[in-house]
Amino acid sequence: MGTNPSMTKTPILTIAAPALLVLLSASTSSGEPLELSARITRVDACGGWPSFVTLKDGSILAVRGDRARTSADGGKTWSRPRPFVAHPKMGIKSILRLNSGKLGVILVRVEGIPNVGHDAENFRQMTVSFATSADEGKTWSKAVRMNRYNTNGSPHVDTLIQTRKGRLILPVRTGFAASRKTPSGAFGIVNGKRRKIGGHTTYPEMDISFCYLSDDEGKTWRKSRGFIFGWDHGKRLGCFPCDEPVVIELKDGRILMMCRTTIGQLYRVYSDDGGENWGPPEPSGLASAYAPCMIRRIPTTGDLVIIWNQASHEEIRSGYERNRLSIAISRDDGKTWTRGRTVFRSHLPAVGC
């Protein structure tokens, strides 16, 4: 397949959803982790964290908000950003190839706040909708509102899945008292200036998870039963956040959910009925910062692959909780994982994360 003349050779870090391909076009040939020096602070990812889908012509589409890039060579080079609008005033959070062959998108809008990001996590003013396209994104169906009747939840990026039986599952998080337009934060002195050095776990409410479900290709949606949060069975940790969830269908038909927590590792949760009900969260054994992960199945082997911000206790205490990106494989459907391998790291603390 030839390369489109509009493609540029700009190196970007891409985590491609179809098989969680980690394409590091600027990495070393020796296989060592890609490192950012203290002077490099920008990784171009289509204006944020994109969602990926393979189009029928074989190219890869990366879309985030209302902008998109395409690659005709498996992610080695990418076109310049172009407008990609499914519906006016709504940004795309996930894009998925449906079982029917259509494209499905999750659309998000925060009323009165143009930036759908860290400064716009007001769950009570967020609109989450779904739309489909039968012509590879040229035209779209009417957007269907998903979060009605006080079931406000915010999805992470690229987390929509469809099961073998056709059920659409969108994992989301919410905070019971999230009423501020901008969350508070922790502040410190960086290069002689007072800066926000942490934006997580500094507000009073606890983040929790649930799912939106659809059995008719997104025409109607409902909420899963209950809420998911961490619980230490009455021990010293008490309750803790279990949020920014991702889900995947296992070989036996169960749904596995992975969540970030504030206690130093990812937690996992299982559903035996397609996401309607969920069991208690349990530790996964994967040391992690309070940061989300991404999980996919490798088509050629059937193994699961996970990529996440592996972090030690000391890294978290030192402000480097999101500076190491690691990858691991599971050959038993998520029960155990290979030792995490670092594929990307930065020497800069994650200021503002």
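In this text, residue positions in the sequence shown follow our numbering: the first is 384, and each later residue adds one. C-beta: ideal position from N, C-alpha, C; glycine also.
Option nearest residue i by Cα separation, candidates the options
i	options	result
Ser537	Pro554, Arg547, Trp523	Pro554
Lys548	His470, Ile572, Ile638	Ile638
Cys642	Ala455, Trp661, Glu600	Trp661
Glu519	Asp716, Met509, Leu444, Arg556	Leu444
Gly685	Thr534, Asp715, Ile710	Asp715
Trp720	Leu649, Glu698, Arg700, Asp655	Leu649
Arg651	Pro663, Phe623, Gly657	Pro663
Ser729	Gly484, Glu698, Trp523, Ser667	Glu698
Leu633	Gly571, Ser713, Thr644	Ser713
Val446	Ala455, Asp440, Val436	Val436
Phe727	Ala694, Gly487, Thr645, Lys618	Ala694
Arg679	Lys718, Val630, Asp655, Thr644	Val630
Leu669	Gly487, Val511, Arg722, Pro471	Arg722
Met640	Thr534, Ile611, Asp599, Val573	Ile611
Cross-strand partners of residue i (DSSP beta bridge)
i	result
Ile478	Val488
Asp626	Arg643
Leu669	According to DSSP, Leu669 bridges with nothing at all.
Met473	His470
Arg450	Arg447, Pro466
Ser713	Leu687
Gly571	Arg578
Ser512	Leu490, Arg528
Close Cβ partners of residue i (< 7 Å) along its chain, the five nearest in sequence each way excluded
i	result
Asn692	Ser671, Ala672, Ala674, Glu704, Arg705, Arg707, Leu708
Arg556	Gly536, Ser537, Asp590, Ile591, Ser592, Asp626, Glu627, Pro628
His696	Gly647
Ala482	Here residue 482 is Asn; the residue named in the question, Ala, does not match the sequence. For Asn482, where only same-chain residues beyond five positions count, the Cβ hits under 7 Å are Gln545, Gly549.
Range of the contiguous alpha helix (DSSP H) that encloses residue i
i	result
Arg700	696 to 700
Local conformation of residue i per DSSP, three classes
i	result
Ala517	coil
Pro554	strand
Ala503	Low per-residue confidence applies at Ala503: pLDDT is 43, beneath 50, and the placement is therefore not dependable, though the value from the model is reported in the following sentence. Here Ala503 sits in helix by DSSP.
Arg724	strand
Met529	coil
Met589	coil
Glu632	strand
Ala455	coil
Thr719	coil
Leu708	strand
Lys602	coil
Ser597	strand
Arg577	strand
Trp661	coil
Thr424	Bear in mind that the predicted position of Thr424 carries a pLDDT of just 37, short of 50, making it unreliable; the figure below should be weighed with that in mind. If DSSP states are grouped into helix, strand and coil, Thr424 belongs with coil.
Trp523	coil
Pro538	strand
Own chain residues within Cβ distance below 6 Å of residue i, not counting five before or after
i	result
Tyr595	Met529, Leu553, Trp604
Leu543	Ser477, Leu479, Ile489, Leu553
Met473	Leu490, Arg492
Thr453	Ser442, Leu444, Ser462
Ile710	Ile690, Arg724, Val726
Phe623	Gly613, Thr644, Thr645, Ile646
Beta strand (DSSP E) segment containing residue i, residue limits
i	result
Gln693	First-last for Gln693: undefined, no H or E at that position.
Cys676	It is not in any beta strand (DSSP E) - Cys676 carries neither H nor E in the DSSP assignment.
Ala445	443 to 447
Ile611	Segment: none, Ile611 is in no beta strand (DSSP E) and carries neither H nor E.
Thr437	434 to 437
Arg651	648 to 654
Any non-hydrogen atom of the ligand PLP closer than 7 Å to residue i Cβ
i	result
Lys718	Absence of the ligand PLP from the depicted structure is noted, as is the absence of any ligand whatsoever, leaving it without description.
Beta-carbon contacts of residue i that lie in its chain and below 8 Å, excluding the five residues immediately before and after
i	result
Ala514	Ala469, His470, Gly487, Val488, Leu490, Trp523, Ser524, Lys525, Ala526, Val527, Gly601
Glu659	Leu596, Ser607, Arg608
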